[in-house]
Amino acid sequence: MNGGDAAAAAATPSHRRLPDFLQSVNLKYVKLGYHYLITHLLTLLLLPLMAVIVLEAGRTDPDDLRQLWLHLQYNLVSVLVLSAVLVFGATVYVLTRPRPVYLVDFACYKPPDKLKVRFDEFLHHSKLCGFSDDCLEFQRKILERSGLSEETYVPEAMHLIPPEPTMANARAEAESVMFGALDKLFKFTGVKPKDVGVLVVNCSLFNPTPSLSAMIVNKYKLRGNIKSFNLGGMGSSAGVIAVDLARDMLQVHRNTYAVVVSTENITQNWYFGNRKSMLIPNCLFRVGGAAVLLSNRGADRRRAKYALKHVVRTHKGADNKAFNCVYQEQDDEGKTGVSLSKDLMAIAGGALKTNITTLGPLVLPFSEQLLFFATLVAKKLFNAKIKPYIPDFKLAFEHFCIHAGGRAVIDELEKNLQLQPVHVEASRMTLHRFGNTSSSSIWYELAYMEAKGRVRRGHRIWQIAFGSGFKCNSAVWHALRNVKPSPESPWEDCIDRYPVELVDGFATHNNTQQ
């Protein structure tokens with residue numbers, strides 16, 4: 001095209017130009033077609049072979065079949081040996097294969113309305129606690145951009161003036177959260193506490209003696225030979241770790257139930273100093289907890305919601321930066337809090353990369369794995385500038401439960417995994433309505449999806465969480481039926497108001513209050 005033609009083309013109104021067909025082709029459908037072709041390639045190749053076998057069998061003379069039968073009769077020893085091998089192999093397979101683990105139901109704790117905290121109330125209490133003006137302004141900015149609403153909950157001890165972070169109040173918070181969730185779980189599943197054979201409790205920052213698991217055993221009079229575990233100091237990813245431990249126990253102990261309780265305790269872990277890196281948890285962490293009922297009983301498959309398919313755990317604790325990026329310590333004034341490093345997001349990104357590299361081959365369709373491998377080979381052999389292919393995890397999962405640790409965490413995963421807003425909606429709305437409830441946030445997110453009626457039979461759910469250490473853990477679930485929300489869901493009285501549209505952490509319209 002010469003200069004005059006270029007000028008004429010530039011002067012032509014855009015609506016009168018020919019469409020750019022390369023840009024207008026909907027690559028999504030091309031990719032779906034490719035995915036279908038590669039995934040079903042073996043089936044498509046076997047169909048002609050099966051057709052040939054059927055045709056040849058139809059042409060077989062009955063006399064040939066009779067001769068084959070007589071041949072087998074005269075080789076009875078060979079037939080018996082082959083049959084014995086087949087029976088032995090089948091027996092070994094049945095005895096050694098992993099037992100299926102079902103999620104019968106789960107319950108999330110919803111605190112009473114009196115524990116809700118508005119931003120102005122939060123800042124007023126902080127001022128009375130002696131925070132400097134600079135730190136008050138810092139907390140105000142964090143709150144306004146956090147993505148949290150003014151309906152989140154803090155423990156009763158923090159509503160008092162002055163606050164009373166005593167051991168008794170911390171125990172009271174733990175009891176109200178754990179027992180509140182467990183009461184609902186036992187009530188609506190009909191399972192008796194005496195039938196529970198495995199109990200796993202995770203709470204990172206509050207580990208009294210007797211333990212939290214012992215408190216549950218005492219409250220519900222669980223049986224004396226129960227296998228109980230109490231996980232502490234493992235951060236917000238400990239909920240997936242607890243599920244993994246329960247799954248391992250259910251591989252060993254037949255026909256039993258396992259209960260997983262995930263929570264965090266705020267009462268004794270509120271920071272009262274003026275170091276900004278330790279003030280962020282005050283602004284984000286809120287009261288919450290969940291109780292999950294797992295089973296390896298075959299009879300429970302009919303009523304279970306989900307089956308556990310995979311758990312992938314990644315630990316970066318060998319690296320000093322990763323180990324120190326979320327660190328509980330005392331400031332210069334001797335006040336204890338959890339410090340968050342500026343390298344946190346970069347470290348989380350590295351842990352995520354390692355985790356999905358392990359998870360990918362387990363869940364991605366063969367088409368995506370082939371594209372990833374081909375791009376990797378081309379990058380190594382031909383051109384180092386070729387961008388690595390990012391697998392499309394939307395082909396592996398219908399739903400994503402991303403730990404609601406904060407806006408930045410959700411934003412980064414949405415960007416790096418190339419997700420759509422609907423895929424991170426549950427995470428954003430959970431952060432907005434309940435705040436960062438630590439390891440239990442992934443269960444509030446799953447409850448949101450159920451309340452919206454989005455989980456259908458055959459759908460796959462990816463729960464992914466990050467925690468101190470530094471850890472990134474994933475759990476993959478498969479829906480066994482069209483899932484209805486559990487009774488007394490935490491979203492029961494507010495799901496009609498969601499989703500709310502958020503811009504820079506703010507709701508764009510005032511629908512966060514009833």
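FYI, the UniProt record's numbering numbers position 331 of the sequence shown as 331, with every residue one higher than the one before it.
Backbone N, C-alpha and C fix where the C-beta goes; we use that ideal spot for every residue, glycine too.
For this session: State buried or exposed for N225, treating a residue as buried only when at least 16 other CB atoms are found within 10 Å of its CB.
Result: Translated into positions along the sequence shown, residue 225 becomes position 225. N225 is exposed by the Cβ-count criterion.
Exercise. Quick one: what does DSSP say Y327 is sitting in, helix, strand or coil?
Worked result: Counting from one through the sequence shown, the residue named residue 327 turns up at place 327. Three-state result, Y327: strand.
Exercise. In chain order, what residues of the same chain lie with their CB nearer than 7 Å to the CB of L123, ignoring the 5 residues before and after it?
Worked result: Within the sequence shown, numbered from 1, the residue matching residue 123 stands at position 123. Excluding positions up to five away in sequence, the list reads L136, Q139, R140.
Problem set entry | When G349, W462, Q67, L46 are compared against L359, the one with the closest alpha-carbon | One-based indexing of the sequence shown puts residue 359 at position 359. The shortest Cα separation from L359 among G349, W462, Q67, L46 belongs to W462.
Exercise. Taking buried to mean at least 16 other C-beta atoms within 10 Å of its own C-beta, is D332 buried or exposed?
Worked result: If you number the sequence shown from 1, residue 332 lands on position 332. Exposed, because fewer than 16 other Cβ atoms sit within 10 Å of the Cβ of D332.
Exercise. Given that a residue counts as buried once 16 or more other Cβ atoms are within 10 Å of its Cβ, and exposed if not, what is K305?
Worked result: In the sequence shown, counting from the first residue as 1, residue 305 sits at position 305. Flag for K305 reads buried.
Exercise. Less than 7 Å between the CB of L446 and some heavy atom of the ligand COA, yes or no?
Worked result: Ligands are entirely absent from the displayed structure, and the ligand COA is therefore not among its contents.
Exercise. How is the beta strand (DSSP E) around F206 delimited, first residue to last?
Worked result: As a working note, residue 206 is residue 206 in the sequence shown. F206 -> no beta strand (DSSP E), and no H or E assigned at all.
Problem set entry | Where F131 falls: helix, strand or coil (DSSP) | Locating residue 131 in the sequence shown gives position 131, counting from the first residue. In the structure shown, F131 sits in coil (DSSP, three-state: anything other than H, G, I, E or B).
Exercise. When you compare each of Y257, P98, V287 to M178 by their alpha carbons, which one comes out closest?
Worked result: Taking the sequence shown and counting its residues from 1, one reaches residue 178 at position 178. If we check each option's Cα against that of M178, V287 comes out closest.
For this session: State the DSSP-derived secondary structure class of T166, mapped to helix, strand or coil.
Result: On the sequence shown, position 166 is the one that residue 166 refers to. Coil.
Problem set entry | Assigned secondary structure, S82 (DSSP; H/G/I helix, E/B strand, else coil) | To locate residue 82, count along the sequence shown from 1; it is residue 82. Note on residue identity: the sequence assigns Leu, not Ser, to residue 82. Helix.
Exercise. In terms of residue numbering, what span does the alpha helix (DSSP H) encompassing Y153 cover?
Worked result: Within the sequence shown, residue 153 is the residue found at index 153, counting from 1. Unbroken run through Y153: none, as it is neither H nor E.
Exercise. Where I410 and L395 are concerned, what is the direct C-alpha to C-alpha distance, given to the nearest angstrom?
Worked result: Mapped onto the sequence shown, residue 410 falls at position 410. Mapped onto the sequence shown, residue 395 falls at position 395. Looking at the two C-alpha atoms, the distance is approximately 20 Å.
Problem set entry | Straight-line gap, L55 to L70 (C-alpha atoms, nearest Å) | In the sequence shown, the residue the question calls residue 55 occupies position 55. In the sequence shown, the residue the question calls residue 70 occupies position 70. Each residue's Cα considered, the two are about 24 Å apart.
Problem set entry | Three or more C-beta pairs below 8 Å linking the stretch 94-114 and the stretch 287-297 | The count of Cβ pairs closer than 8 Å, one atom from the stretch 94-114 and one from the stretch 287-297, reaches three, so the stretches are in contact.
Exercise. Taking the beta strand (DSSP E) that Y306 falls in, what are its first and last residues?
Worked result: Position 306 of the sequence shown holds residue 306. Counting along the chain, the beta strand (DSSP E) containing Y306 begins and ends at 306-315.
For this session: Alpha carbon to alpha carbon, how far is L128 from P163? Give it in angstroms, no decimals.
Result: Locating residue 163 in the sequence shown gives position 163, counting from the first residue. Locating residue 128 in the sequence shown gives position 128, counting from the first residue. Roughly 10 Å between the two C-alpha positions.
Problem set entry | Cβ shell of G467 (< 7 Å), same chain only, five flanking positions each side left out | Here residue 467 refers to the residue found at position 467 of the sequence shown. Taken in chain order, the residues that qualify are M234, G235, S236, S237, A238.
Exercise. Closest to S489 by CA distance: which of A291, R223, F285, A242 is it?
Worked result: The sequence position of residue 489 within the sequence shown is 489, counting from 1. S489 has its Cα closest to that of A291, out of A291, R223, F285, A242.
Exercise. By a C-beta neighbour count over all protein chains shown, 10 Å radius and 16 as the cutoff for buried, is F88 buried or exposed?
Worked result: As a position in the sequence shown, residue 88 is number 88, starting the count at 1. Result: exposed.
Exercise. Do T430 and S439 have their C-beta atoms within less than 8 Å of each other?
Worked result: Within the sequence shown, numbered from 1, the residue matching residue 430 stands at position 430. Within the sequence shown, numbered from 1, the residue matching residue 439 stands at position 439. No, the Cβ-Cβ distance between T430 and S439 is not below 8 Å.
Exercise. Does the beta-carbon of M167 have 16 or more other beta-carbons within 10 angstroms, so that it is buried, or is it exposed?
Worked result: Counting from one through the sequence shown, the residue named residue 167 turns up at place 167. The residue in question, M167, is exposed, as its Cβ has fewer than 16 Cβ neighbours within 10 Å.
Problem set entry | For K471: DSSP bridge partner residues | One-based indexing of the sequence shown puts residue 471 at position 471. According to DSSP, K471 bridges with H315, G467.
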